[in-house]
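Notes follow once the structure below has been shown.
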Amino acid sequence: IAYNVPYCTTMSAASAAADAVIALTRRRREVMSLQERFGVEAAAPVPT
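Start counting the sequence shown at 1; every next residue gets the next number (our numbering).
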């Protein structure tokens, strides 16, 4: 903690962190919104 090193306090958190690192090394990284990621259409504007 004093040296800003990430840590996990449970085995399930450590496993999830390891899975994330593996996924990051195998896939191309790209930035996208949640709407783009999950294919959600934008809501129609509310008339005022």
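Just so it is clear, CB atoms sit at the ideal spot from N, CA and C, and this is done for glycine as well.
Quantities reported herein were computed from a predicted structural model and do not represent experimental measurements.
CB contact flag (residue i, residue j, <8 Å)
i, j, result
"GLN35", "ALA42", "yes"
"CYS8", "ALA17", "yes"
Local conformation of residue i per DSSP, three classes
i, result
"GLU41", "coil"
"GLU36", "helix"
"VAL21", "helix"
"ARG28", "coil"
"ALA13", "helix"
Best match in the options for proximity to residue i [C-alpha to C-alpha]
i, options, result
"MET11", "ASP19, VAL5 and ASN4", "ASP19"
Cα-Cα separation between residue i and residue j, rounded to whole angstroms
i, j, result
"ARG112", "ARG29", "With the chain covering 1 to 48 only, the question about residue 112 has no answer from this structure."
"PRO46", "ALA13", "At residue 46 the sequence reads Val, which differs from the Pro that was named. Between VAL46 and ALA13, the C-alpha separation is close to 41 Å."
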